[in-house]
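Residue numbers (the numbering used here): 71 to 252.
One structure below.
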């Protein structure tokens, strides 16, 4: 992979006020110890059914292109849970196949920016001439890339920095679909 899995784990652990200790020895391997604060004693179980507050939701169809399996599965589950129809692709070739089958149905392209063989920007540029109304969310953990920071893409879209929160993902999708693009 690209190393973004560790970046995602680190972000989640930091959000929960934890930390990670790394020990690495040449020819032996690497060990990651993760420490999270304990849950406070006396937390009561909720009475009745648990009702989750959800962020923005919708019924639109999304093509999710993400080469990192854990990120793709999380995004897929969150988006489906919010009511969206999601087609998922693990690589640009699969994205092209799904696009050819569902061109008229897909309203949002949610794509990783950095993938082998083709970038998310290149995918969007391939789809845009066929569907100029297609909305785009670009995801990346590489915010040091000047193109990403400046939002320099031929196809405008919303930028979502990895690691992202559930609310951040839902908000980015809704913002792009509602037409508020950069």
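Each residue gets a CB set at the ideal place from its N, CA and C atoms; glycine is no exception.
Assuming the contact rule is C-beta atoms closer than 8 Å, residue i and residue j should be a hit. Round their C-beta distance to whole Å, please.
| i | j | result |
| --- | --- | --- |
| residue 194 | residue 184 | Their Cβ separation, rounded to whole angstroms, is 14 Å, which puts residue 194 and residue 184 out of contact at 8 Å. |
| residue 142 | residue 160 | 7 Å |
| residue 153 | residue 127 | 5 Å |
| residue 236 | residue 135 | Rounded, the Cβ-Cβ distance is 19 Å, inconsistent with contact. |
| residue 146 | residue 162 | With 8 Å as the limit, residue 146 and residue 162 do not qualify as a contact, their Cβ atoms being about 17 Å apart. |
| residue 90 | residue 103 | 7 Å |
| residue 157 | residue 168 | 5 Å |
Give the DSSP bridge partners of residue i, in chain order.
| i | result |
| --- | --- |
| residue 185 | Paired residue(s): none; residue 185 is not in a bridge. |
| residue 134 | 158, 180 |
| residue 103 | 91 |
| residue 231 | 210 |
| residue 205 | 178 |
Smallest Cα separation from residue i: which of the options?
| i | options | result |
| --- | --- | --- |
| residue 174 | 130, 209, 138 | 130 |
| residue 133 | 196, 181, 82 | 181 |
| residue 202 | 138, 167, 249 | 249 |
| residue 245 | 179, 186, 189, 198 | 179 |
| residue 191 | 204, 199, 208 | 208 |
| residue 197 | 211, 176, 210, 212 | 176 |
| residue 265 | 103, 200, 150 | In the structure as shown, the chain begins at 71 and stops at 252. Residue 265 is therefore absent and cannot be evaluated. |
| residue 226 | 247, 139, 97, 90 | 247 |
| residue 189 | 90, 137, 94 | 137 |
| residue 204 | 212, 228, 101 | 228 |
| residue 199 | 212, 224, 99 | 224 |
| residue 243 | 212, 172, 155, 211 | 155 |
Quiz item: Unbroken beta strand (DSSP E) runs of length 3 or more, entirely within the region 143 to 178: which are they?
Solution: 155 to 159
Quiz item: Would you say the region 231 to 244 touches the region 78 to 86, given that touching needs at least three Cβ pairs under 8 Å?
Solution: The region 231 to 244 is in contact with the region 78 to 86.
Quiz prompt | Any 3 or more C-beta pairs closer than 8 Å across the region 82 to 90 and the region 99 to 110 | solution = Segment contact: the region 82 to 90 against the region 99 to 110, three or more CB-CB distances shorter than 8 Å; contact assigned.
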